[in-house]
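Student: All letters in the sequence shown, in the order written, are residues 2 to 221 by our numbering. C-beta atoms are modelled at their ideal positions from N, C-alpha and C, and glycine is treated no differently. Treat the numbers as computed from the prediction; the structure is a model and nothing was measured.
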Amino acid sequence: MIVTDYLVIGSGISGLTYSAKIAEKFPDKTITIITKAIEEESNTKYAQGGVAVVLDSEKDSFNKHIQDTLKAGDGLCEEDIVELVIKEGPKRLKELMQWGANFDIGDSGNLDLGKEGGHSESRVVHHKDITGYEIERALLHRVCQLPNITILPHHFAIDLITNHHLNNFKPETLLCFGVYVLNQKTGHIFTIKANSTLLASGGIGYMDILQILLLQLETG
Ligand SMILES: Cc1cc2nc3c(=O)[nH]c(=O)nc-3n(C[C@H](O)[C@H](O)[C@H](O)COP(=O)(O)OP(=O)(O)OC[C@H]3O[C@@H](n4cnc5c(N)ncnc54)[C@H](O)[C@@H]3O)c2cc1C
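1) Check whether the stretch 128-141 and the stretch 173-182 are in contact - that is, three or more C-beta pairs closer than 8 Å.
2) Can you tell me whether residue 157 sits near ligand 1, meaning its C-beta is under 7 Å from at least one heavy atom of the ligand?
3) Quick one: give me the first and last residue of the beta strand (DSSP E) that residue 184 is part of.
4) Taking the alpha-carbon positions, what's the residue 8 to residue 195 distance?
5) Taking only the alpha-carbon atoms, compute the straight-line gap between residue 3 and residue 22 and give it to the nearest angstrom.
6) Looking at C-alpha atoms only, which residue of 51, 198, 45, 18 is the closest neighbour of residue 128?
7) On the DSSP letters alone, give me the boundaries of the alpha helix (DSSP H) that residue 6 sits inside.
8) Excluding the five sequence neighbours on either side, which residues of its own chain have a C-beta within less than 8 Å of the C-beta of residue 1, listed in chain order?
9) Ligand 1 and residue 42: does the residue's C-beta get closer than 7 Å to at least one heavy atom of that ligand?
10) When you measure from the CB of residue 14 to every non-hydrogen atom of ligand 1, does any distance come out below 7 Å?
11) When every heavy atom of ligand 1 is checked, does at least one fall within less than 7 Å of the C-beta of residue 123?
12) Among the candidates 164, 168, 41, 186, whose CA atom is the shortest distance from the CA of residue 180?
13) Can you tell which of 131, 184, 126, 161 has its C-alpha closest to the C-alpha of residue 57?
14) Measure how close the beta-carbons of residue 67 and residue 154 come, nearest whole angstrom, since I'm counting them as under 8 Å.
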């Protein structure tokens, strides 16, 4: 069994960013990242176009970006989340750059802002057309510099360990104690016990339309 203060499942932009921040804030705490393939494998690595962020305050504004996003979302967006994400954008971009991510510079000497579908203004910062690869590279480099972070590649999270099996369980008291993990190299299954567990495992893998239909049929 491994015991850690913080357990992070996934080594994409979410898991690595969270880990770096926690490790910097609490240097005496241990952070363990498990990831099911090699460290860099993630959707993050394959993102190409770039990161949409409002930087040109003369032509662009948070409000314009919010309206573009709500329009493209066609009623599916939670407006307060859209607003939060867009307003955080410039700060989070600065943070990525401080961690060593490089973005292309335009003729003006400022960050080159691309314009993509759904955007009414040029606001997409990018690194050639391999932006995600560059972000993943920089974040992994930062994480590897922090001595209180351990990354376990080829470790697959099988199930979260929670208290939901207890007789007197109430949903509002749901607790997570860690995870059961498969070491894919050895076939060994073991427990990681953690005070805090973050699921940063990306989208729902292998959940294609057929499986969704089957699930709907099974549940009536
Ligand atoms: C081809 C492509 C192009 C894209 N282009 C853009 C773009 O231009 N701009 C943009 O903003 N977004 C883009 N995206 C979307 C963007 O890449 C994702 O939204 C973002 O990378 C998600 O990051 P994440 O950290 O949440 O998840 P991910 O990067 O998917 O990371 C999930 C991690 O969890 C691990 N994992 C999953 N399940 C388990 C398990 N059971 N046990 C252990 N580990 C597990 C995975 O191996 C991975 O390391 C693109 C995506 C793709 C695929």
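Tutor: According to the data block:
1) At 8 Å Cβ cutoff, the stretches do not touch.
2) Counted from its first residue, the sequence shown places residue 157 at position 156. True, at least one ligand heavy atom lies under 7 Å from that Cβ.
3) One-based indexing of the sequence shown puts residue 184 at position 183. Segment 177-184, the beta strand (DSSP E) holding residue 184.
4) For the purposes of this step, residue 8 is identified with residue 7 of the sequence shown, where counting begins at 1. For the purposes of this step, residue 195 is identified with residue 194 of the sequence shown, where counting begins at 1. Spanning the two alpha carbons is a distance of roughly 6 Å.
5) Stepping through the sequence shown from its first residue, residue 3 is reached at position 2. Stepping through the sequence shown from its first residue, residue 22 is reached at position 21. Whole-angstrom Cα-Cα distance: 22 Å.
6) Here the question's residue 128 lines up with position 127 in the sequence shown. Distance check between residue 128 and each of 51, 198, 45, 18 places 51 closest, using alpha-carbon atoms only.
7) For the purposes of this step, residue 6 is taken as the residue at position 5 of the sequence shown. If you look at residue 6, you'll find it isn't in any alpha helix (DSSP H); it sits in the beta strand (DSSP E) that goes 3-10.
8) Outside the modelled stretch of the chain, which goes from 2 to 221, sits residue 1, for which no answer is possible.
9) Mapped onto the sequence shown, residue 42 falls at position 41. Within the cutoff, so yes.
10) To locate residue 14, count along the sequence shown from 1; it is residue 13. Residue 14 has its CB nearer than 7 Å to a heavy atom of ligand 1.
11) Residue numbering aside, residue 123 sits at position 122 when the sequence shown is read from its first letter. Answer for residue 123: no, Cβ out of range of ligand 1.
12) In the sequence shown, counting from the first residue as 1, residue 180 sits at position 179. Checking every option, the nearest Cα to that of residue 180 belongs to 164.
13) Residue 57 sits at position 56 when you count from the first residue of the sequence shown. Checked all of 131, 184, 126, 161; the closest Cα to residue 57 is 126.
14) Within the sequence shown, numbered from 1, the residue matching residue 67 stands at position 66. Within the sequence shown, numbered from 1, the residue matching residue 154 stands at position 153. That pair is no contact at about 38 Å.
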